[in-house]
Amino acid sequence: MYDAAIPEHTGSPYLIYSGVIIHEKKWKQTLHILKNFRKRIAREGILKYDQELHCAELVDPKKTGAYAQISVPDRWKLIEEFCYTIGAEVESTIITVILDKRISSLAPAKYTTETVTKLFQAFNHFLKQRDEYGIFFFDRARHIPSKNMNFPRRPEKNLMQIRFLKGGF
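The sequence shown maps to residues 2 to 170 in our numbering.
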């Protein structure tokens with residue numbers, strides 16, 4: 002649970018998950034743009050190519066030493082450049098779920114599962130509105146949506162893939 006009196010121990014008052022939705026016809030082009038961005042920052046010595054890019058770690062590096070080695074202004078510049086790349090160069094839709102821990106009635110142990118579930122539901126709603134198919138990838142296989150949803154896992158790649166049929170599950 003978030004405690005404003007000791008934020009250094011309880012983190013941000015918000016838990017934020019975002020998803021980038023890319024149409025299948027734009028996927029290859031988008032992947033190329035993102036890979037080039039990652040290669041550029043690796044060439045510039047900012048972040049190794051094989052190091053995952055996590056905005057939360059760029060804002061407040063706690064778990065990954067690679068982020069702590071980047072100066073604060075450079076970390077914010079990297080976030081800005083990545084947002085520009087997503088916003089200006091990639092044709093996409095972004096969905097975001099924000100949990101305000103200060104007013105949430107959830108137990109802290111349920112924050113991630115419930116937030117990912119809401120993100121999953123937002124994506125499902127997006128597909129229903131367009132009467133389209135889609136695939137949902139989690140970058141952490143342990144963060145499974147709640148409500149006993151049963152999905153195939155791909156542990157060899159630490160991914161969970163969910164296939165939708167025209168916006169339904």
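Quick reminder that beta carbons are idealized off the backbone N, C-alpha and C, glycines included.
Small disclaimer: the values here were computed from a predicted structure and weren't measured.
Comparing C-alpha distances from Q52 to each of R39, E45, V60 shows the shortest one belongs to R39.
Residue V98 holds the alpha-carbon nearest to the alpha-carbon of E115 among V98, P62, R131, A89.
According to the DSSP secondary-structure assignment, Y15 is paired through a beta bridge with D101.
Linking T31 to I136 through their CA atoms gives a straight-line distance of about 16 Å. The C-beta distance from E58 to K49 rounds to 13 Å, too long to meet the 8 Å contact threshold.
Distance between K119 and H55, taken at the CA atoms: about 20 Å. The straight-line gap separating the alpha-carbon atoms of V60 and G46 is approximately 19 Å. The continuous stretches of alpha helix (DSSP H) do not include T65, and DSSP gives it neither H nor E. The alpha-carbon separation between H33 and E81 amounts to approximately 19 Å.
Look at G135 here: in three-state DSSP terms it is strand. Using a Cβ distance threshold of 8 Å, R76 and Y68 count as a contacting pair. Take Y15, set aside five residues on each side of it, and the residues of its chain with a beta-carbon closer than 7 Å to its own are I99, L100, D101, K102, in chain order.
Taking a C-beta distance under 8 Å as the contact criterion, I96 and A123 qualify as a contact pair. Between Y18 and V117, the gap from beta carbon to beta carbon is short of 8 Å.
By the Cβ neighbour-count rule, G66 is exposed, with fewer than 16 other Cβ atoms within 10 Å of its own.
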